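In this note's numbering, the protein residues as written are 53 to 258.
Here you go:
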């Protein structure tokens with residue numbers, strides 16, 4: 053699909069990427085989540101009223117002083133969500149985050165494993181915490197709810213604050229997947245030094 057405009061970044065996206073200089077000041081201030089262009093961030097910026105709040109929430113996920121989950125547990129949730137929802141763009145922009153922070157390749161390779169592997173503690177590379185996180189993701193995306201046993205197990209391993217945060221993170225990245233897929237957001241251009249920039253942009257929990 054050719055959009056017919058002169059934006060070299062836009063080949064498939066069904067809405068334009070806004071000119072940053074034309075955006076309201078309060079929204080421009082929220083676009084600095086990462087020090088490089090992401091087409092999904094600019095897509096969200098079309099919503100002048102809601103974008104500042106939603107981008108603030110996304111930015112909080114990158115900030116270990118606000119995000120409670122360790123980086124690799126956050127990324128486990130994101131990569132499983134993108135796998136289940138078949139959100140290629142979401143996978144592509146988050147895989148380098150997981151790699152920079154040394155997620156084991158075996159976990160990356162098994163991100164699409166069936167639920168039976170997650171439930172069977174003799175299979176797969178998953179820790180007990182991984183398994184409860186993956187169960188929460190799978191149940192939420194399938195039914196918009198969770199089994200009481202799953203939440204009980206999660207409370208025991210994670211605590212109430214992280215159980216709530218996990219469900220919020222699932223919701224954020226499911227919504228992002230809907231935006232990416234529904235609006236056909238373009239793949240990002242190659243970013244020189246991407247992994248170094250990611251390493252400098254994401255802070256661990258304290």
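Backbone N, C-alpha and C fix where the C-beta goes; we use that ideal spot for every residue, glycine too.
From a predicted model like this one, the values you see are computed outputs, not experimental measurements.
Contact between residue 143 and residue 128 does not hold, since the beta-carbon distance rounds to 13 Å and is not under 8 Å. Counting only residues of its own chain and dropping the five nearest sequence neighbours on each side, residue 66 has a CB closer than 7 Å to the CB of 235, 236. Rounded to whole angstroms, residue 156 and residue 150 show a C-alpha spacing of 9 Å.
Out of 89, 74, 76, the CA that lies nearest to the CA of residue 61 is found in 89. For residue 91 and residue 239, the gap between their C-alpha atoms comes out near 7 Å. With a contact defined as Cβ atoms closer than 8 Å, residue 107 and residue 85 qualify at about 6 Å. Annotation: residue 83 to residue 227 spans about 18 Å, alpha carbon to alpha carbon.
Within its own chain, the residues whose Cβ lies closer than 8 Å to the Cβ of residue 98, once the five positions on either side in sequence are excluded, are 67, 68, 70, listed in chain order.
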